[in-house]
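Presented below is the structure to which this report refers.
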Amino acid sequence: MDDLRMESRSAGLQPSPVQTAPSGQSVEAGPTPILRSGRRDLLDLDDFSPEEITGLLDSAEGMSEVLSRDVRKTPALRGKTIITLFYEASTRTRVSFEQAGKILSADVINVTTEASSVKKGESLLNTVLTLQAMQVDAIVMRHPHSGAPYLVAHHVDAAVINAGDGTHAHPTQALLDMFTIRRHIGAIAGKRVAIVGDILHSRVARSNMHGLSKMGAQIVVCGPPTLLPMGFEPGRIVPEGHPFEGVNVAASADEACEGADVVMALRIQKERQDSGRLPSMREYSTVWGINSKRLALAKPGALLMHPGPMNEGVEISSDVAHGVQSVIREQVQNGVAMRMAVLYALCAVKREGGGG
Amino acid sequence: MSSDDVRRALARIAHEVLERNDGARDIVLAGIQTRGVHLARRLAANIERFEGLRLEVGALDPRLYRDDPEAAALHPVKPTELPASIEGRPVVLVDDVLYTGRTIRAAMEALLDFGRASRIQLAVLVDRGHRELPIRPDYVGKNIPTARGERVRVRLAEVDGEDAVVLLKPESQEAR
Amino acid sequence: MNTMSNLAILGGRVIDPAQNVDRPAAVLIKDGRVEEITARPLSKGPEGYEVIDAAGLIVAPGFIDLHCHLREPGSEHKETIATGTAAAARGGFTTVCAMANTDPCPDNAAVVGDLLRRIERDAAVRVLPIGAITLGRRGEHLAPMAELAASGVVAFSDDGDPVMDPDVMRHALSYATGLRGVVHGAQRRLPIINHAEDRGLSRDGQMHDGAVAARLGLAGIPGEAEVAMVARDIHLAELTGGRLHIPHVSTRRAVEHVRAAKARGLHVTAEATPHHLTLTDVWAYGLHGETPHGLSLAAYDTNTKVSPPLRSQDDVDAVTGALADGTIDAIATDHAPHAMTDKVCTYHEAAKGINCLETAFAQVMSLVLGGRIALPALIERMSAAPARVLGLGLGSLKRGWPADLVFIDHDAEWTVDAGLFASKARNTPLDGVGLRGRVMATICAGRVVFDARAGLALPRPGNPRRAGDSSGGRT
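Chains as they are written, first to last, in the working numbering: chain X, 1 to 356; chain E, 1001 to 1176; chain A, 2001 to 2475.
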């Protein structure tokens, strides 16, 4: 009986993966790893490939299932230490990361501005170097200054995960937004996503513009001209050569919402009124707020999203925020799954100087 | 193994499962992601054909329980989908290749998080030896003696377009 | 050296723009002053002269920096008069003007007097102090400008703090019209140098308001923050007949305002820095001017944070053009040394300023190599022109003038290594960048204060004897 078909060397088997298989563990065949080799941090999505993003979203599907179990605990990151270092108050994002880490059995230590030596004037860098000396595997950080995680990542061995830096990036929020979109309406490619609000100061908008455009979505943004970044002109497409080239800048909120598969309302900060960029919150609500009338311009069944926390009655009306098209509460739950996928992909690796 | 060999082996295992579990009424077939899930489905189909009995089939991803997180974390976690309850029920884990036994250990640990099965059995299409843990299969499609450097590749129509079991010999092994 | 040597500089190409000289010639120096530029090159020096071999080098008037920060007194951890002037000597500068943002600030004769004593004791090159416009540089009440003028300041400035109140600025320009300087040359009007930044527009901005700021999520400073202030100050100079000098011009529109003011015959002058002449906001990515697909860990390079910010390529082109056509009179370094802790932090926290003295010439030499300006014109913008801005009898190799010279190898290729700076600080975005054109030696008032060839890379500031040894060893 010809029970074995022997394949010769010409069958294309590369000897190296077999030789390097540790302790006889069966070697993963075929699929390439989620993350490119050498990736240590998640600082923004601008240097991630569509394949890497897809891998993380896929993994979040598995993590989402873990969340639905009775026993919400797996030993995946047992013995790993994750620090959440928050220089800005944000209960929801911090708790989301903390829960994600704990479900994966990592030890999660929360450092907040109140508890740390931040108040004593210790520099960010000294703080993280001290934490590094305690052999942490990952630092999840939020900081009011754009670029702070890049400074930290430059100086520590631990994986640095950006949980929001100034007005720059918030990559895990963008990932969970994409995860939510994919779960509801399938492939992101070709979908029209409208982002409405304070684009200039929104790290959520920036990371989403990077992520969504990599995944092939059509992006329309809209907001008061005083709250658009340089190069964004209402009624025009962001020109070639600009970091956000190809983004469509709608002339009005109605135009932005028209035919959208997803409408994403951004949080508007009271400071924008105080700094003179907005006459009033009331006027903002009238001109740029997402309400049922505007949402009706989108495709039937379009998703309504918001990164939270919401100012109901300002950037989003209460009826649509809690209406059938809203997936806002689900975004929060998906956030935990998405962050589990991120922590697992970045913390499980062995690294020098960390982990012990 | 040819596709006929695979078919025959799965038929035999289905009969064995029925025999050894007194009709197998309560059994859950839990396939290990990815190919084990397809094998579990085929076993269930066989059992339904032979006895008219519809068994519940689940999918189990032991990735988060593996003892080599560095390697495990390189690839996406897949959802584990088991019947509503496995409490007090016999579970047959189904996988394509049994090698070191480490995946099965992880799968058993994962399974325990879903409840206390009355017993856990193991069905594999191929046992290639070289166990590193005290684990033994209850049902084996075929024992294939191998060297450590070799690889056994199970190909299934659902994933790979054909049924076959292939032994891959690395170049360096041949040279020795 | 104990007694000043007489020097014969042989074999070089002498470029002295003020005298329209550009030819092979010898320069003879006697008692610290230029004796003559010979009509023909000499093969050997006259009797009693030490010979300095300048074969293959350009010999030019020492550079004059209208704008640098020596940090002493007050911030000696960043720079001192000794280290700052050592850096100046390495950069080919023989005269530097010390900006007024010291602590205490030079808003009275006593502080200036203390500064002059420190300079006398520690400086490797000539240092000319700039006095404050207003008390404490607070922009509210005029400093005793007549007293300051008499004590030896060469200009008035509140440095990085613009005089925001137009009425105060008006009176400063007006009051200073009657004031004359007392050092280095003829009677001249002392200029008011006002940092051209409308703080109402720049607010909490971190960098130029352009696409890079949009990408990095940093608050932008529009070019109009400078333009608005330049326009205001020019109109106030016109109103008062005051003498206005505009520091570190960085925008196309500001250039246009200066050009128009000069066309109207106003006595307005302007300077530009090597970084605003050669670098753009893209350098904030930390990749030496490259734009990445995804940001690298080098992004948010705090060494690119400077006031005014690095602007767009269009602005750089305009400023460069203005330097070439004379609208911008002079190159000034705005040398702003900062300690590591001021720069190893977030972009938002980082201090503004670039360490510039030791890279300045090679940076702007790239403009010559790029065909934007001729070498003699470039040298003029660094020597005769800044002297003219301040009305100083410096910046040329005229007979009897102080023997301030720089030796340039305009072809030498080198790589910036901030670790080798004589400056205390390392804050340059150019670390590791290859440049062409190098200062090989510097002579200030007849003394060799820097000589790369003798291996005495670090002159000992405040110890001219040591500096003299290097020239003595070469005969």
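Just so you know, even glycine gets a beta-carbon here, dropped at the ideal spot from N, CA and C.
Can you list, in chain order, the residues of its chain whose CB lies under 6 Å from that of residue i, leaving out five sequence neighbours each side?
i	result
A/D2334	H2067, H2248, T2273
X/S23	Low confidence applies here, because X/S23 scores a pLDDT of 37, under 50, leaving its location unreliable; read the following figure in that light. Nothing listed; no residue qualifies.
X/P149	L43, M141, V160, N162, D165
A/G2210	D2281, S2312
A/T2102	P2073, G2074
A/A2254	E2226, V2227, V2230
A/P2024	R2013, P2041
X/G235	A251
E/D1095	I1032, G1036, V1124
Could you tell me which residues DSSP pairs with residue i in its beta bridges?
i	result
X/Q218	X/R192
A/R2220	Note on residue identity: the sequence assigns Gly, not Arg, to residue 2220 of chain A. Beta-bridge pairing links A/G2220 to A/M2207.
X/Q269	X/Q269 is not bridged to any residue.
X/T422	Any answer about residue 422 of chain X is impossible in this case: the structure gives chain X only from 1 up to 356.
X/M264	X/I195, X/M305
E/A1123	E/V1094, E/Y1139
E/R1153	E/V1166
X/N248	X/V220, X/I237
A/D2334	The partner list for A/D2334 (beta bridge, DSSP) is empty, contrary to what the question assumes.
A/H2245	A/I2193, A/T2269
By the criterion of Cβ-Cβ separation under 7 Å, what are the contact partners of residue i in chain X?
i	result
A/R2215	P243
E/Y1065	T74, P75
E/T1080	E65
A/A2299	G147, Y150
A/L2287	Within chain X, no residue comes near A/L2287; the closest Cβ sits about 13 Å away, beyond 7 Å.
Name the chain E residues that come within less than 9 Å of residue i, Cβ to Cβ?
i	result
X/I34	A1073, L1074, H1075, P1076
X/E61	P1076, V1077, K1078, P1079
X/R69	T1080, D1113, F1114
Here's a check: name, in chain order, each residue in its chain whose Cβ is nearer than 7 Å to the Cβ of residue i, leaving out the five neighbours to either side.
i	result
X/V336	L67, S96, Q99, A100
E/A1009	L1125, G1141, K1142
A/L2135	D2107, H2141, A2143
A/L2201	P2222, E2224, A2225, A2228
E/R1002	In the sequence under discussion, the amino acid at residue 1002 of chain E is Ser, which differs from the Arg named in the question. Cβ within range, chain order: A1164.
A/T2251	G2223, E2226, V2227, R2311, D2315
Residue i versus chain X: which residues are under 8 Å apart at the beta carbon?
i	result
A/D2209	M230
E/D1061	G62
E/D1163	None at all; the shortest Cβ gap to chain X is about 12 Å.
A/C2345	S123, L124, L125, L151
Kindly list, in the order they appear in chain E, the residues whose Cβ is closer than 8 Å to that of residue i.
i	result
X/V349	E1070, A1073
X/P31	H1075
Sorted by chain position, which residues of the same chain lie with C-beta nearer than 8 Å to residue i's C-beta, five sequence neighbours on each side aside?
i	result
A/D2411	R2436, G2437
A/H2245	L2066, A2155, P2191, I2192, I2193, V2268, T2269, A2270, E2271, V2389
X/A115	Summary for X/A115: the model assigns pLDDT 49, below 50, so the residue's position carries little reliability, and this model does not support an answer.
A/L2010	A2026, P2041, L2042, S2043, K2044, G2045, V2051, I2052, D2053, A2054, A2055
A/V2105	The sequence given here places Cys at residue 2105 of chain A; Val does not occur at that position. Taken in chain order, the residues that qualify are V2111, A2132, G2136, R2137.
X/L125	L151, V152, H155
Can you determine whether any heavy atom of the ligand PLP sits closer than 6 Å to the C-beta of residue i, and answer yes or no?
i	result
X/D261	Judged by which ligands are present, the structure shown has none, so any question about the ligand PLP falls away.
Residues of chain A with CB closer than 9 Å to the CB of residue i, please, in chain order.
i	result
X/T127	The contacting residues do not exist; X/T127 stays about 12 Å from chain A at best.
X/L362	Residue 362 of chain X lies beyond the range of chain X shown here (1 to 356); nothing can be said about it.
Output, in chain order, the set of chain E residues within a Cβ distance shorter than 7 Å of residue i.
i	result
X/G55	P1076
Taking C-beta pairs closer than 8 Å, name the residues in chain A that residue i reaches, listed in chain order.
i	result
X/D274	Under the 8 Å cutoff, chain A gives no residues; its nearest Cβ is about 13 Å from X/D274.
Going along the chain, which residues of the region 218-230 of chain X sit with their C-beta nearer than 8 Å to a C-beta in chain A?
Residues of the region 218-230 of chain X whose Cβ lies closer than 8 Å to any Cβ of chain A, in chain order: P229, M230.
Contact residues within the region 145-156 of chain X, judged by C-beta distance below 8 Å to chain A
Correct list: H145, S146, G147, A148, Y150, L151, A153, H154.
May I ask you to verify whether the region 209-216 of chain X touches the region 270-280 of chain X, counting CB pairs closer than 8 Å and requiring at least 3?
Because the criterion of three Cβ pairs below 8 Å is not met, the region 209-216 of chain X and the region 270-280 of chain X do not touch.
Determine contact between the region 2423-2432 of chain A and the region 2078-2091 of chain A, defined as no fewer than three beta-carbon pairs at a distance below 8 Å.
With the rule of 3 Cβ pairs closer than 8 Å, the region 2423-2432 of chain A counts as touching the region 2078-2091 of chain A.
Counting pairs of beta carbons, one from the region 1039-1052 of chain E and one from the region 1002-1018 of chain E, are three or more of them closer than 8 Å?
Judged by Cβ distances under 8 Å, the region 1039-1052 of chain E makes contact with the region 1002-1018 of chain E, as three or more pairs qualify.
What residues from the region 328-346 of chain X come within 9 Å of chain E, judged by C-beta to C-beta, listed N to C?
Cβ contacts with chain E come from M340, A341, Y344, A345, L346.
In chain order, what residues of the region 163-185 of chain X put their CB closer than 8 Å to some CB of chain A?
The region 163-185 of chain X vs chain A, Cβ under 8 Å: D165, G166, T167, H168, A169.
Count Cβ pairs between the region 2341-2349 of chain A and the region 2372-2380 of chain A that sit closer than 8 Å; are there 3 or more?
No: fewer than three Cβ pairs fall under 8 Å.
Contact between the region 1082-1096 of chain E and the region 1108-1116 of chain E is defined here as three or more beta-carbon pairs at a separation below 8 Å; is this criterion met?
Look at the beta carbons and you see the region 1082-1096 of chain E touching the region 1108-1116 of chain E: at least three pairs across the two are nearer than 8 Å.
Residues in the region 2326-2351 of chain A having any Cβ partner in chain X nearer than 9 Å:
For the region 2326-2351 of chain A, which is checked against every Cβ of chain X, the residues closer than 9 Å are T2341, V2344, C2345, T2346, Y2347, H2348, E2349.
What are the residues of the region 190-210 of chain X that lie near chain A, defined by any Cβ-Cβ distance shorter than 7 Å?
Listed in sequence order: R203, R206.
In chain order, what residues of the region 254-282 of chain X put their CB closer than 9 Å to some CB of chain A?
Contact residues of the region 254-282 of chain X toward chain A are S275 (C-beta to C-beta distance below 9 Å).
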